[in-house]
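Heads up: the protein sequence lines correspond to chains A, B and C, in order.
Just so you know, we're using our numbering here: the first sequence kicks off at 1 and counts up by one.
Just so you know, we're using our numbering here: the second sequence kicks off at 1 and counts up by one.
Just so you know, we're using our numbering here: the third sequence kicks off at 1 and counts up by one.
Glycine residues also receive a C-beta, built at the ideal position from the N, C-alpha and C atoms.
In this text the structure is predicted, and so the values were computed from the model without any measurement.
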Amino acid sequence: MPVKTIRIKRLVPAALALSLMTSLPLFSAHAEERIMTTQNAGERAAKSGVPFVAPALEKYLQGPVAALWRRPELSLRDRSIVTLAAVIARNETTELPLYLDLALENGVKPREISEIITHLAFYTGIPSATAAITVAKDVFARHNIGADQLPAGSPNLLPLDEAAEAARAAYVGQQFEAVAPGLVQYTTDPLFRDLWLRPDLAPRDRSLVTISALIARGQVAQLPVHLNKAMDNGLTQTEAGEVITQLAFYAGWPNAFSALPVAKDVFAKRAGQNG
Amino acid sequence: MPVKTIRIKRLVPAALALSLMTSLPLFSAHAEERIMTTQNAGERAAKSGVPFVAPALEKYLQGPVAALWRRPELSLRDRSIVTLAAVIARNETTELPLYLDLALENGVKPREISEIITHLAFYTGIPSATAAITVAKDVFARHNIGADQLPAGSPNLLPLDEAAEAARAAYVGQQFEAVAPGLVQYTTDPLFRDLWLRPDLAPRDRSLVTISALIARGQVAQLPVHLNKAMDNGLTQTEAGEVITQLAFYAGWPNAFSALPVAKDVFAKRAGQNG
Amino acid sequence: MPVKTIRIKRLVPAALALSLMTSLPLFSAHAEERIMTTQNAGERAAKSGVPFVAPALEKYLQGPVAALWRRPELSLRDRSIVTLAAVIARNETTELPLYLDLALENGVKPREISEIITHLAFYTGIPSATAAITVAKDVFARHNIGADQLPAGSPNLLPLDEAAEAARAAYVGQQFEAVAPGLVQYTTDPLFRDLWLRPDLAPRDRSLVTISALIARGQVAQLPVHLNKAMDNGLTQTEAGEVITQLAFYAGWPNAFSALPVAKDVFAKRAGQNG
């Protein structure tokens, strides 16, 4: 990736994030996109009313929130995935077009967005996913995204770690087979023997979506398992801490502060294992 | 009930559930209903965009989710009540028309839907209920449901177990009278001396709605009390486990897995009491 | 304030709360407002469908809920703030116009509503706030509220208790600096060194908004800290208990009952310290 593109990529999204909600001027790497998006931004700003109704929030969006998106601890693409997952998980459908536009602008591929929504059908429920699809359909049409940019229904799956999956299935079965045998079976298939192996969203990104949804909905009970899985899948400790920071702004301080002690404990235990 | 009707009832709803969201052909026991519902289904499929935006979710809806609705551990009617309660409890109003249609198709009476919404006004808040009513009003009109099919405001109440209610009231009063005397009073009346005794939704079904709402919103703290009450009201252990399985798909895996250990503990304690 | 006005103020809001959703006649202290609001109320009643779809809920709204709003343990203004915070925190945007109208009618100033929304951007996430702003913009326009009635972006801040803030920052930093340094920094600034010091919403009211949002979303983990802060800021124990009672109706019984033992414990510890 040429240096110039990187620099533009680093600068654009904060401006974009703001301009879509406010009246800041917008620039983009691609002229045509710029025009289309700027118009949307103008309409959005007029519709959103942030500068008029909440001048304080406008100030924070232009200051600390813009600075947040520029922090190097987490890429723009990852921040967009985290934020998009939170907005879908919380059924904030009226705000979803902005975060879908932002994800596409920040390099999240349409096929990845498709898989993020399907992944969240399992982690936050089918109605959350179908509500998001109704919105995404129009956003995809506006961006001229066709079926060729979306995943196949039944692609070749990634290889499975049979031993790890067998251990997981045995543990869950031993715990809950007598309580909800159907759920135990569905957790094996389709959840872990199909969904998690679909190739159009990397396992590390599926983990990013999963922990973002858990934190954004305040469901920290399953966070240790999934944060460990995320870090096994390549998420660094610095990135994980920054996911929580990003979610403080997009899912509220209380959810972030409920996640902090859980993450601290996971980090400490992993450090102990590696030490 | 004649065998043929049962067979149709067993086959219809899964097809219905899918066809309302996708492009599957739809059939129904009643020709006129079929035509009307098929048109709605076609419009819904075109609007929903599931097959286009998320081909993987489309595949899961046609496979494991269709199979879920056919599982004999919980009736179609009960699955519709559980799912409807979850969607109302989570304020997923854009998806609500589908689940209201499905509930009516699967034999939930309009007067029961009315009481489910009123019950949820107490268990998930008045705004959740009034938002659902705005949607239900149009669905009822589309199905030609009139006031004669809806409950009276003040019907004759079911008999109260005075001893059990007195014990409950004494316990709650002793715990919380000094903290929130108003809430203690409102919990006695209207909650337990009026709402729970209204005759147009059976106590077992009120319990089904209550535990579905608790699980769907991740509020497991009150689940032991209400799961015990549900089983006292006639919900079997098999049905309770299947409620959790149904909610994994409609309120997300994390909520289901937070409910599992709670249910396991309730089941074990009840087995110990009966053993 | 003359006695007559007080009496009217005591009578109006319950009638208003109901008439906006139902078909009750409405009266108001100001003739012009009455006409405008009554028309809205009529439209809302027709649109809401509560009396038709859920006659039982209609009965409860006219009985115990109307009585709730008249209880002297918490002022109408505070009840409106608590309820508005809950509705915004839970993204119940379709119901929001009613509760914004009710807040304005009950004496919550437009500049306070603006700050409530900005405050909730931090406590329940930016998307909750921007969704609320889209609704509030239209409500403000309908009430002819102009920029002169809204806060400045950067007003003179209230004085800071430097010692208390330094202690808080030291504790949070010691706990979580290694986990999420960005979040630790943002919690100091803008959260505690800017947002909480903005003058257009009193600290006691910011606390009221914060504990209402925590209870309404079921996030009791941070409730002890913020309930203590609320009482340090002037909220009485009676008012705090009544906040929970109000939220039983507007965020559901389970959230209220999860808050009760936490509040009981906070009250006991404070009584011990003062004894």
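Self-check item: Rounded C-alpha distance that separates Ala31/A from Glu177/C
Solution: Counted from its first residue, the first sequence places residue 31/A at position 31. Counted from its first residue, the third sequence places residue 177/C at position 177. Here the model assigns Ala31/A a pLDDT of 34, short of 50, so the residue's position is not dependable, and the following value carries that caveat. Answer to the nearest angstrom: the Cα atoms are 42 Å apart.
Quiz item: DSSP state of Thr187/A, grouped into three classes?
Solution: Start at 1 with the first residue of the first sequence, and residue 187/A comes out as number 187. DSSP places Thr187/A within a helical segment (H, G or I) once states are collapsed to three.
Quiz prompt | DSSP three-state assignment for His143/C, whether helix, strand or coil | solution = If you number the third sequence from 1, residue 143/C lands on position 143. The answer is coil: DSSP assigns His143/C none of H, G, I, E or B.
Quiz item: Taking Cβ to Cβ, would you say Ala152/C is nearer than 8 Å to Leu183/B?
Solution: As a position in the third sequence, residue 152/C is number 152, starting the count at 1. As a position in the second sequence, residue 183/B is number 183, starting the count at 1. Against a cut-off of 8 Å, the Cβ pair of Leu183/B and Ala152/C comes out as no contact.
Quiz item: Pro97/B CB to nearest chain A CB: under 8 Å?
Solution: In the second sequence, counting from the first residue as 1, residue 97/B sits at position 97. Output row for Pro97/B: interface = no.
Quiz item: Taking Cβ-Cβ distances shorter than 9 Å, what residues in chain B pair up with Val241/C?
Solution: Residue 241/C sits at position 241 when you count from the first residue of the third sequence. Checking the sequence, you will find Gly at residue 241/C rather than Val. What Gly241/C touches in chain B: Phe176, Ala178, Val179, Ala180, Pro181, Gly182 and Leu183.
Practice problem: State the DSSP-derived secondary structure class of Arg237/A, mapped to helix, strand or coil. | Solution: One-based indexing of the first sequence puts residue 237/A at position 237. In the sequence on display, residue 237/A carries Gln and not Arg. In this structure, Gln237/A counts as helix in the three-state DSSP scheme.
Exercise. Inspect the beta-carbon positions of Glu112/A and Asp200/A and report whether they are closer than 8 Å.
Key: Against the first sequence, residue 112/A aligns to sequence position 112. Against the first sequence, residue 200/A aligns to sequence position 200. Cβ atoms of Glu112/A and Asp200/A: closer than 8 Å.
Quiz item: Can you name the residues of chain A whose CB is closer than 8 Å to the CB of Lys264/B?
Solution: As a first step, residue 264/B must be located in the second sequence, where it is residue number 264. The answer, in chain order, is Gln175, Phe176, Ala178 and Val179.
Quiz item: Taking Leu214/A as the reference, which of Ile88/A, Glu239/A, Ala131/A and Tyr99/A has the closest Cα?
Solution: Here residue 214/A corresponds to residue number 214 of the first sequence, with the count starting at 1. Among Ile88/A, Glu239/A, Ala131/A and Tyr99/A, the Cα nearest to that of Leu214/A belongs to Ile88/A.
Quiz item: How would you list, in chain order, the residues of chain C whose beta-carbon sits under 8 Å from the beta-carbon of Pro190/B?
Solution: Looking up residue 190/B in the second sequence gives position 190. The contacting residues are Tyr60, Gly63 and Pro64.
Quiz item: What's the C-alpha gap between Leu260/A and Ile244/A?
Solution: On the first sequence, position 260 is the one that residue 260/A refers to. On the first sequence, position 244 is the one that residue 244/A refers to. Looking at the two C-alpha atoms, the distance is approximately 7 Å.
Practice problem: Compute the Euclidean distance between the alpha carbons of Ala268/B and Ser154/A, then round it to the nearest angstrom. | Solution: Locating residue 268/B in the second sequence gives position 268, where the first residue counts as 1. Locating residue 154/A in the first sequence gives position 154, where the first residue counts as 1. Cα to Cα, the separation comes out at about 41 Å.
Self-check item: Cβ distance (whole Å) where Ala56/B is taken to contact Glu115/A below 8 Å
Solution: Walking along the second sequence from the start, residue 56/B turns up at place 56. Walking along the first sequence from the start, residue 115/A turns up at place 115. Indeed they touch by this definition, with Cβ atoms about 7 Å apart.
Quiz item: Any beta-carbon of chain B closer than 8 Å to the one on Gly252/A?
Solution: Here residue 252/A refers to the residue found at position 252 of the first sequence. So no, Gly252/A is outside the interface.
Practice problem: Mind listing the chain C neighbours of Thr236/A? Cutoff is C-beta to C-beta under 8 Å, in chain order. | Solution: Looking up residue 236/A in the first sequence gives position 236. Near Thr236/A there are no residues of chain C at all, since even the closest Cβ is about 13 Å away, more than 8 Å.
Quiz item: Does any residue of chain A bring its CB to less than 8 Å from the CB of Thr199/C?
Solution: Within the third sequence, numbered from 1, the residue matching residue 199/C stands at position 199. First, the residue type needs correcting, since residue 199/C is Pro and not Thr in the sequence shown. No, Pro199/C does not count as interfacial toward chain A.
Exercise. Classify Ala259/A as helix, strand or coil using the three-state DSSP reduction.
Key: On the first sequence, position 259 is the one that residue 259/A refers to. The DSSP-derived three-state label of Ala259/A is helix.
Self-check item: Selected residue, minimal CA-CA separation from Ala221/C, among Leu100/C, Pro97/C and Ser258/C
Solution: Within the third sequence, residue 221/C is the residue found at index 221, counting from 1. Minimum Cα distance to Ala221/C is reached at Ser258/C.
Quiz item: For Thr83/B, does the count of other Cβ atoms within 10 angstroms reach 16, so buried, or fall short, so exposed?
Solution: Taking the first residue of the second sequence as 1, we reach residue 83/B at position 83. The residue in question, Thr83/B, is buried, as its Cβ has 16 or more Cβ neighbours within 10 Å.
Exercise. Using a Cβ-Cβ cut-off of 8 Å, state whether Arg204/C counts as contacting chain A.
Key: Here residue 204/C refers to the residue found at position 204 when the third sequence is read from its first residue. The C-beta of Arg204/C comes no closer than 8 Å to any C-beta of chain A.
Exercise. Establish whether the CB of Lys137/C and some CB of chain A are separated by less than 8 Å.
Key: Walking along the third sequence from the start, residue 137/C turns up at place 137. By this cut-off, Lys137/C is an interface position.
Quiz item: Listing by chain order, which chain C residues have their CB less than 8 Å from the CB of Ser258/A?
Solution: Locating residue 258/A in the first sequence gives position 258, where the first residue counts as 1. The answer, in chain order, is Gln219, Ala221 and Gln222.
Quiz item: Which residues in the same chain have their Cβ closer than 7 Å to the Cβ of Gln39/A, if we skip the five residues on either side of it in sequence?
Solution: Mapped onto the first sequence, residue 39/A falls at position 39. Because the pLDDT at Gln39/A is just 45, under 50, the model does not fix this residue reliably, and the point stays unresolved.
Quiz item: Taking all protein chains shown into account, do 16 or more other C-beta atoms lie within 10 angstroms of the C-beta of Pro72/B, making it buried, or fewer, making it exposed?
Solution: In the second sequence, residue 72/B corresponds to position 72, counting from 1. Exposed is the call here.
Self-check item: First and last residue of the uninterrupted alpha helix (DSSP H) at Ala169/C
Solution: Counted from its first residue, the third sequence places residue 169/C at position 169. It spans Glu162 to Phe176 - the alpha helix (DSSP H) in which Ala169/C sits, taken as one unbroken run.
Quiz item: For a contact meaning CB atoms closer than 9 Å, what does Pro151/A contact in chain B?
Solution: On the first sequence, position 151 is the one that residue 151/A refers to. The answer, in chain order, is Ala54, Pro55 and Ala56.
Quiz item: Using a Cβ-Cβ cut-off of 8 Å (strictly less than) and excluding sequence neighbours within five positions of Leu208/C, which residues of its own chain qualify?
Solution: As a working note, residue 208/C is residue 208 in the third sequence. Closer than 8 Å at Cβ, skipping near neighbours: Asp78, Ile81, Val82, Ala85, Ala230, Leu235 and Val243.
Exercise. Determine whether the Cβ of Asn91/A lies closer than 8 Å to any Cβ atom of chain B.
Key: One-based indexing of the first sequence puts residue 91/A at position 91. Under the Cβ criterion of 8 Å, Asn91/A is counted among the residues facing chain B.
Exercise. Less than 8 Å between the CB atoms is what I'm expecting for Leu96/B and Ala132/B, so what's the real figure, rounded?
Key: Against the second sequence, residue 96/B aligns to sequence position 96. Against the second sequence, residue 132/B aligns to sequence position 132. Their Cβ separation, rounded to whole angstroms, is 6 Å, which keeps Leu96/B and Ala132/B in contact under 8 Å.
Practice problem: Please report how far the alpha carbon of Trp69/C lies from the alpha carbon of Glu58/C, in whole angstroms. | Solution: By 1-based counting over the third sequence, the position of residue 69/C is 69. By 1-based counting over the third sequence, the position of residue 58/C is 58. The alpha-carbon atoms of Trp69/C and Glu58/C are separated by roughly 15 Å.
Self-check item: C-alpha distance - Gly252/A paired with Phe122/C, whole-angstrom precision
Solution: Taking the first residue of the first sequence as 1, we reach residue 252/A at position 252. Taking the first residue of the third sequence as 1, we reach residue 122/C at position 122. For Gly252/A and Phe122/C, the distance between alpha carbons rounds to 5 Å.
Quiz item: Is any beta-carbon of chain A found at less than 8 Å from that of Tyr171/C?
Solution: Taking the third sequence and counting its residues from 1, one reaches residue 171/C at position 171. No, Tyr171/C does not count as interfacial toward chain A.
Quiz prompt | Neighbourhood of Tyr250/A by C-beta distance below 6 Å, restricted to the same chain and skipping five residues each side | solution = The residue labelled residue 250/A in the question sits at position 250 within the first sequence. Taken in chain order, the residues that qualify are Thr83 and Ala86.
Self-check item: beta-carbon Trp253/C near the ligand FAD non-hydrogen atom, thresh 7 Å
Solution: Absent from the structure shown: the ligand FAD. Ligands present: none.
Practice problem: Mind checking which residues open and close the alpha helix (DSSP H) that includes Phe52/B? | Solution: Residue 52/B sits at position 52 when you count from the first residue of the second sequence. It spans Val50 to Val53 - the alpha helix (DSSP H) in which Phe52/B sits, taken as one unbroken run.
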